[in-house]
Every structure is written in C-alpha cells, then in structure tokens.
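Participant: Can you keep this structure in mind? I'll have questions shortly.
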C-alpha cells in the first residue's frame, strides 16, 4: 500500500476530503475555467495549432495531474513558453495548418510525457538543476519578447512568421503598409485595456470600497470582458467582412481520442526538442509548485511531480492536445481563488469539457487580434531585464550566462538559446574552478589559527611554505596546483617543507591524485618534503585506499597548527611578524 | 625585446650555445634520425598517406619547433595516435589514395596549426585539462588496440579497414583464408624480433658487459635492423613477385611546397576533428615535455608550447606533411641520447632531409609488413589496462569514465570515444557536486572545534541546528541545500536557529544566492532564524555586494564557536554528549 500511495498522492488527500474543501475547490474551479477559455485558445494559436487543441490540452491532462501530482494548487495546461517551443519544434518537421503538424504535436506530447515519467521513476528530478536561475530568467525574458513579437501580426492583420527576432522583423516590416486598420482598431484598444486591467483596475476597485478578494477576481476576469466585447462588436458590425481574422468554427465536442504518429523518423527528429520541452516545462512547473507550497508550509516531491506531469502529457497526446505543464498565472489564480486540493483542477477540467461541448459556437466571431492581445499582455509580464543588473552586481560569470542566453534566444531561437545557456553556465563554472584560489598562510600570533599572509599580520617561517587550497581538486584544476606550488619555489628558495592545508578540499579525484604524486616526486628531487594538513574524513578515507599516503615524503597532520609545531624552525616561539598587505 | 624573447625561446638558449652542447646535440640527432626513418614511413602508412608524407612531416615542423618551442628535448613529428585520428578524420571526406585525401591532410594540419597558435596567443593552454588523466589513459589504451588491429592486414597481406574494432573484425575475418603466407612469414618473425628487442635484448647486452648507455642505443636501433634484414630478403629473394606488398618508389626529393585546400566546405567538415587532434596532440606533447623537464629541474611554458606546436603544424601544412605533435618514444630517445638543446631537433631535421633527398631508393623493397610490425610493437606498449584496476580501487566515477572511454573508442571509433570520455567525466563531476556532503556538527567538549555528530561524541543543543556544507554552492546543487535543511526540520522540531558553517564553501553563485534567500524566507515563516559562520573572505566580499546579508534574519559569525556561544541554550556550559555513530 505504501508503494501504491507513493505513486498515487490522490489516495492521501482523497480519503479526508471534506464538504468545506469541496465548496472552496468549486469556487476556484469556476474562476479558473472562465480565465482558461480564452487563454487556451490563445496559446493553441501561438503553438500554430487549431484553437480547440488548447481546450483539449486542458481537460484530460488536468484530470491525470489530479491523480498523480503532489501540488495542491498547480494548474496544468498549455503555457506560453512551452507553446512557443512546440511551434519551434514542429515547424522544422511539418507545415503549419497541415494534418502532419497537428499529428507531430501529439508525438511531441507523447515523447515529453514518456521522458518525464521515466525521469520520475528513475528519480532524475535533479536534472532540472542544470538550468541555473539566471539562465531560466534570461530565457523567460527573451521568450516573452519573442512571443509578443510573434503576435504582432495578428494585431496588425498581416502575414508574418519566424522563430527569431530577425526573421520576425524581416517578414513583418515589409507588411506594415498592408496593416488592416480595422483589426488594429480592435487589437490596440484590447492591449491597452488589458494593461490597464493588470495595473490600474484592482487599485481602483479597492478605492471604490471592494474587498481585496473580490477586486482580485474581477481584475482576473478582465480578459473575458475583452473577449466578450470584441466578439460582440465583430458579430454586430460584421467586421469579418472588413478583413478581421476570427477564430471561426471550433468543433463542438468533447476531446477526441487520438493516436500520436510513432514513426522512427519523426521520433528521432523530435527527440531533442521533446527533451528540452520536458526539462523547461518541469522547471517552470516545479518553481510555481514550490513557491505556492512554501506559502502554506506544504512540501512538493519533485520526482512524483515528474510522474504527474508525464501522465498529463501522455493524456494530452491521446486526446488531441499538445505539450502541457504547470502554468504560473493559472496556478496563482487557482491558489488565490481558494483551491484546497487537486480536486479543484478536476472541476476545472469538467468546466472546460462543458465549454468544449456546448460553448464553442460562442467564440466563432472572436477576433484573433483579441487573443493576440491577451498573449502580448500576459508575456510582457514575464519580461524582466533586472536580472542583467542583478547578476552584473553579484557575479560576472552569471551575468555573461544571462546575456548570452537572452541574445542567443532572440537571435537564434528558443532551442539554441536555452541549450547555449546551459552549456555556457556549466563551462563558466568549470573555468571558475580551473584556477582555484591558493593562499599562503601563516600563524595568527597567540592563536592556533592560520590566515592568508597577504591579508593579515601573521608569523611565517622561510623554510616552511604553507598553502591553503580553496577548491576541491579534480581533473580540470589538477595540474594548476602543481604549477602553483612550483612557481612559489623560485631558484635558491630556502623552503624545506611544503604543507598543503586541505580544509576546503571536499574531494580529490584520480587525476588530482596523480598530480599530487607527481608534485611529491618533483619536490623530493629538490630535497623538499610534501605534507598535508586538515584533510577531511571522506577525502582521507579515499587517499588511504591508494598508496599515496604511504609513499608521501612528508606527513599528514590533523591540524595546520600541529604541522607548524613540528616543522617550523622556531617551533612554537613567535617569529618575525610579516607586514600585512604588501 | 622581452616581448620578442617571450615568443622566441631560441633567443634564450641560442646566445649561450657552446661547443660541448653542439657535440652532444649532434650525437643525439644521429641516433634519433636512424630511429625516425622507419617510424615516419610507418606512421604515414597508418594515416593512410604515401610513405614520404611521414618524412616530410618530420623536417620543417621540427625546425619550426626548434625556434618556437620551450622544451629542450621534445622531438616533434608524426605520432601513432594523431596518425590514427588523421585517418579517421580524412576518411570521412575523401577516398584513401586520392589527391583529395593528401590535400585534406594538409588542411587538417593547417587548421590544427592555426588553432594551436590561437590557443597559445590567448593563453588557453588550460583547456587541455578538460581531458582527465583516466580519460587520456583509457583513450591511449583503446587507440593502441585499434591501431594494432588496423595493422594486422599488412601482416596478413589482405585488404581490410575501418575505424572501429567491429568494422576491422568484419572486414578482416572473412579474408583470413586469403592470407599471403610469404607476407606472414616476414611479418610474424618481425613482430617477435621487435618484442624481443624491446624486452630481452637490453638485459642480454648488459649481461654481455656493455655499458647501459650503449646497450640502450643498440636496443633502440632494433627496428632499423628489422628494416634492413627484411628489405634485403625481399630484394634478394624477389618476394615482391610472391605477393609481398612493398613501400615502392618514394620520391627522392626535399619536402615540396604545398598549399592546403581552404574551401569553406572542407574547413567546416574538418573543424571539429582538427580541434580534437589539436587538444589530444597538445596533451600528449605537454605530458612528455613536462616529464622530461621535471627530471632536469627545467620548466615548460604551456602557452608557448601551444605556439611551438602550432608553428610545427603550420609548417607541416605547407611542406607536404600532416598533423604532428611531440612524440613520447622519440623524445625519450632524444633525451637519453644526450640532447641538450632544441638544436638537436634541427640536426635531426637535416638528417631526415638528407635521407629524403638521397636514401629513399633504399626503402623501395621495404615490406609494408615490417612497418606494420614496428607499429604493432610500438603501440602495444601503450596498452595498459591497469588504469581500470587503479581507478576502480580509488573512485568509481573515474572508473566509469575510463571504462566508457575504452568501450566507446573500440566500438565507435577514436573521435566518439574521446569526446564521450570528456563529456562523461564532466557530467560525473557535476553529479558528484550536485548532492554535496552536509554534516550536522556539534562542539567537541573542552575545545573550540566542531565535528560531525554522527562520527564523534559532541555536544549539541536541540534548539540549534548547525550544518557544515562540504561543497561550493552553485546552480547544480543550489536547490539541494534548501531541501536538505527543510528535511531536517521535521514537523514540531524545537529548532529556533539554523547555522550554516561555510568553512568549505569556496564560492556562492547567483542561483545559490537566490536559494539562500528563499531558504531564509521559508525559515522566517516558521519563526526560525538563519545564520552563517566561517564565511571565507572572497565569498563574504561577494555576499556583501548583494543585499542578502542585510536582509538575513540571523547573523554572520566569524567562527562556529562564536555562533555556539551566542545561540546555544546552555551557552558555554557542556550539554548532554550525544553518542557516537548511532
């Protein structure tokens, strides 16, 4: 039973489900459903898919996440960044608008679902950590800009496309003169209205005396108002005949049963994009889930979350959807609206199923410009260049990783951008550890402490060179330590003993072991003994397993002070104090 | 002048060149020349090039290394592993035996020369450190096996080829019945003789009363004896007509002036292989140079070595050669024979130029089986599986990196093998640091020291959780620490203060900073304060630059003991001693 419950969190919260929780969950579901209808249509459009795919991707996936997920308020479905990644991946293998395009979206969802599930079963949730915070922030910001730029064509009523800022500019700019002014007259006010709803409406409602909760709900319903007003206008004024692109006929049906195309050629083409989508989707989802859980002192199990998201994506693959993940905006709304258990998600799914079966005729006259406006306003909220300033102030390495991620995402598309960001941050980390800080230390008078002789007034002994190594030793920096020691032993130096202080050395790999052996041999030829001090337990256990310790010319001291007492000429009597910071 | 001398080491040793050095260098040059003639022919054969390319690659490159290199005894020219890599790289773009094949070899040498030079000018010598010692050892062992297997066809007198052990087996085994027995009757005894020369001749000569130096020189001349005997036999007995493949006509000329093919398509195809060849060649060369220099207390400048090898490869590109590097065997012979300055290399080049101009007719009847025998015996000396045992005993991570490198090199070829080895060792290192050792520490009674409560009998306080973090904090492990702390704070724990002891934290990157902020916020919500202790200077400088320290709920203590004195309930009075290792 414990095994089953581990994989089915619903068994935990389901058995104590109360009437009070039920009513809270129902209220949250109504609010989220209203918000999700236009959002789902819009993101499907962004992914290059028929509008109904967005609704379908919100029904069965949510139900499956309810069963397998661990977050109490995460809302799963299509999200902006994953929709953009989906468009980028499928555009390489099929033409937008064709059957092949929609089929490839199913394959992508299936691959992603399978990968997430496997990662969850093998407990590989930590793989998400390879995306550093600055890389994620830079990627989200650049993706937001790309998405907004890609939606401009719907607001202008022209044809344009592309996966990079340059391609979008090149296809869009020549069309500017062909702008459909009626479309623009819908799109621009919609954008303005939605920005105002976002920034100005809630404070205004509060001033008008509404409670914070109600003001918030009304503000969140803003997009629905834009949808209703522009749809009615388009229908009433016959704007379709004036060139306003509309959503048109959306099938009035529950999600269909679909089979993804599993041809080996397609799978091999979509494998890497699916991996990227899985990892980025997981990172987005887990960040939201952990943020919301922390507020209430709940805990999220990342490996079970992988299984939950994997099930959701497999569900999307078989019910006409496309890759999904836990979305930020919808989860926050869900949480704010009072959702207490994943059952709120299930009720949302029922609401959307009702909409799919009965309400789709209502969106026939919905202008695409309105959907584009909701996307633009939503994603511009993701754009945050402050990460550049903050990383610049804290660490140049992180800054360059963000800057490269943003520039490459805008210039070469989302897949190149995020892959490069990961590689650059790993490379910069390796470079940083390739030349570790090595400080010569001396005894702080009247204590047992040793400090950097360049920063502190300390005692030293010309025959004893004590070096504190501030990094684990491994292949990337193994040779550096050798060079570093030899560079400090100029011709004719009086040094007879070298002590390496290992208090900050957390590991010594095989390459570093061989370098230490080589260093010992080189020093021995010059009549100098090599010693170690303050070696940590796990490192010492390992060194003892090799023959290094028994062949070492010198000794291993428990503390640097013991080494000083044994090796310094003046023993424990204070020697000349070296001046600080020369 | 200092600037010029930095890039032209010849100006250093050249101005004090003495008559005594001259005579020593001359003796060494004669010995190395005799050894190099068959070796150069053999390695050209291994690279799939005409025999003379091996000689040409040994003349101008050596002269250029003499001018730009820093090692006093390194001998530059064709080597086994680089020859194999060359064959693997060019086979993908041209058919062996065609003009295009030889032209691509020149392009490869030029690309490699340009890369090495640029790396030297930008001081990127440390890039070689990304090849860990175990990966190099595994790669060399697997390459040795591949090379020996690829030469079997010459010993058997059949046609076969391929870049992996499987391909070699598949093409060779069906031909076994077609073995040319006369060729085998030359090849097998040659292999046996050369093995005996390597292992048994020198001790025998010593027992016969010869001095160690002379015995060594005679043993090194073994391959020349094999060449002379088999050439004379083939000529005298007319074995060519019995199907024995011979070297045939080699142009009797000084190295020609050649222009590499610089078409963009070829360059883009050869770019990655050239980078691999450059880095592997550099690693091999610098290892040899440093080993030999250490014996004499000399120093090698890795960045200037890059320039020296770069010049040598550029020279090879314009004089009918192919990629070269500093070879192990030839350099050791050069050093043993008494070479004192790089001038010995220059004299070797003159000797080889003389051979190219006048002696090539002598090798007309040299059987390819003999050359194959010299290669087989030379490379089997590189095969050393003990690295598997040694890494297994020391560290499983290193073991898996070696094992994968060997298996992938044999199964998928040299380029895949070494690339995978590098990636695997980087990945394993990142994984190792992704879940750092975090120990709960307590006060060792009557001292100021803190140790792991699971290993030592120490004092602890239920309201104070002290954790020593044994790793730098960066994006890969940032979230781990958060989880780690939260997992130790079970529901209802009496902890009021958490102290993170940072004595082994050498860096905190931006992702880790954000995780620490998130941890502080989460703890604050539970009414728990977060403190740091023993933060190193460089880490503290950085944290002060952010707002983390000022917003921190707790304090930063200079030592863990200070933290204990302030925060522990019992202050400095000893509390209950926790039992060791429960």
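Chains as they are written, first to last, in my numbering: chain A, 1 to 582; chain B, 583 to 1164. Backbone N, C-alpha and C define an ideal beta-carbon position, used for all residues, glycine too. Only a predicted model underlies this, so the values are computations on that prediction, with no experimental measurement involved.
Which residues, in order along the segment 998-1017 of chain B, keep a beta-carbon less than 8 Å from a beta-carbon of chain A?
Facilitator: Within the segment 998-1017 of chain B, 1007, 1008, 1011, 1012, 1014, 1015, 1016 and 1017 place their CB atoms closer than 8 Å to a CB of chain A, listed in sequence order.
Participant: In chain order, what are the residue ranges of uninterrupted alpha helix (DSSP H) at least 4 long that sit wholly in the segment 1044-1097 of chain B?
Facilitator: 1057-1070
Participant: Helix, strand or coil, according to DSSP, for residue 601 of chain B in the structure here?
Facilitator: helix
Participant: In the DSSP assignment, find the unbroken beta strand (DSSP E) run with residue 820 of chain B in it and report its ends.
Facilitator: Looking at the DSSP string, residue 820 of chain B is not in any beta strand (DSSP E), and its letter there is neither H nor E.
Participant: Pick helix, strand or coil for residue 977 of chain B, following the three-state DSSP scheme.
Facilitator: DSSP places residue 977 of chain B in coil when its eight states are reduced to three.
Participant: If you measure from the beta carbon of residue 1127 of chain B to each beta carbon in chain A, is any gap under 8 Å?
Facilitator: yes
Participant: Count the other CB atoms, across all protein chains shown, that sit within 10 Å of the CB of residue 756 of chain B; report buried if there are 16 or more and exposed otherwise.
Facilitator: exposed
Participant: Since residue 1111 of chain B sits in a beta bridge, which residues does DSSP pair it with?
Facilitator: B:1079
Participant: Residue 1061 of chain B CB to nearest chain A CB: under 8 Å?
Facilitator: Against chain A, the CB of residue 1061 of chain B has a partner CB under 8 Å away; the residue lies at that interface.
Participant: Counting along the chain, where does the alpha helix (DSSP H) carrying residue 1024 of chain B start and finish?
Facilitator: First-last for residue 1024 of chain B: 1020-1025, but that is the beta strand (DSSP E), not the alpha helix (DSSP H).
Participant: Would you tell me roughly how many angstroms separate the C-alpha atoms of residue 716 of chain B and residue 984 of chain B, rounded to the nearest one?
Facilitator: Going by the C-alpha atoms only, they are around 5 Å apart.
Participant: Which of the three DSSP states is assigned to residue 1032 of chain B in this structure?
Facilitator: Three-state result, residue 1032 of chain B: strand.
Participant: Could you pull the DSSP bridge partners for residue 77 of chain A from this structure?
Facilitator: A:325
Participant: On the CB-based measure, 16 or more other CB atoms within 10 Å of its CB, does residue 551 of chain A come out buried or exposed?
Facilitator: By the neighbour-count rule (16 or more Cβ atoms within 10 Å), residue 551 of chain A is not buried but exposed.
Participant: May I ask you to report which of helix, strand or coil DSSP gives residue 556 of chain A?
Facilitator: The answer is strand: DSSP assigns residue 556 of chain A an E or B state.
Participant: State yes or no: is the C-beta of residue 888 of chain B within less than 8 Å of the C-beta of residue 701 of chain B?
Facilitator: yes
Participant: Exposed or buried, residue 1142 of chain B, counting other C-beta atoms within 10 Å across all chains shown (16 or more means buried)?
Facilitator: buried
Participant: Is residue 870 of chain B buried or exposed, if buried means 16 or more other CB atoms sit within 10 Å of its CB?
Facilitator: buried
Participant: Using the C-alpha atoms, what's the distance from residue 58 of chain A back to residue 317 of chain A?
Facilitator: Computed Cα separation, rounded: 12 Å.
Participant: Of all the options A:321, A:391, A:311 and A:292, which has the alpha carbon lying nearest to the alpha carbon of residue 257 of chain A?
Facilitator: A:321
Participant: Comparing alpha-carbon positions, which option in B:626, B:966, B:687 and B:589 lies nearest residue 722 of chain B?
Facilitator: Of the candidates B:626, B:966, B:687 and B:589, the residue whose Cα lies closest to the Cα of residue 722 of chain B is B:966.
Participant: Rank B:719, B:620, B:686 and B:657 by C-alpha distance to the C-alpha of residue 968 of chain B and give the top, closest one.
Facilitator: B:719
Participant: Name the chain A residues that come within less than 8 Å of residue 1119 of chain B, Cβ to Cβ?
Facilitator: 452 and 455
Participant: So for residue 886 of chain B, helix, strand or coil by DSSP?
Facilitator: Shown here, residue 886 of chain B sits in a helix according to DSSP, grouped into three states.
Participant: Is there a C-beta anywhere in chain A that falls below 8 Å from the one on residue 1058 of chain B?
Facilitator: With a threshold of 8 Å between beta carbons, residue 1058 of chain B makes contact with chain A.
Participant: For residue 652 of chain B and chain A, any beta-carbon pair shorter than 8 Å?
Facilitator: no
Participant: Determine whether the Cβ of residue 630 of chain A lies closer than 8 Å to any Cβ atom of chain B.
Facilitator: With chain A running from 1 to 582 in the structure shown, residue 630 of chain A is simply not present.
Participant: Measuring alpha carbon to alpha carbon, tell me which residue in B:663, B:1050, B:586 and B:618 is nearest residue 962 of chain B.
Facilitator: B:663
Participant: Do the CB positions of residue 508 of chain A and residue 542 of chain A come within less than 8 Å of each other?
Facilitator: In this structure, residue 508 of chain A lies near residue 542 of chain A, with their beta-carbon atoms less than 8 Å apart.
Participant: Using CA coordinates, which residue listed in B:1054, B:1057, B:1052 and B:1022 is at the minimum distance from residue 1040 of chain B?
Facilitator: B:1022
Participant: Candidates A:166, A:549 and A:376: which alpha carbon is nearest residue 976 of chain B's?
Facilitator: A:549
Participant: Look at the alpha carbon of residue 1164 of chain B and the alpha carbon of residue 1036 of chain B, and state the distance between them as a whole number of angstroms.
Facilitator: Its pLDDT being 31, under 50, residue 1164 of chain B is placed unreliably in this model, and the value from its coordinates should be taken loosely. Cα-Cα distance, rounded: 7 Å.
Participant: Select from A:375, A:263, A:494 and A:483 the residue whose C-alpha is nearest the C-alpha of residue 226 of chain A.
Facilitator: Residue A:375 is the option with its Cα nearest to residue 226 of chain A.
Participant: Could you list which residues in chain B have their beta carbon closer than 8 Å to that of residue 129 of chain A, in chain order?
Facilitator: 1016, 1057, 1058, 1059, 1060, 1061 and 1062
Participant: Sort B:1033, B:919 and B:1096 by Cα distance to residue 605 of chain B and report the nearest one.
Facilitator: B:919
Participant: Using 10 angstroms around the beta-carbon of residue 99 of chain A, count the other beta-carbons present and answer buried if the total reaches 16, otherwise exposed.
Facilitator: exposed
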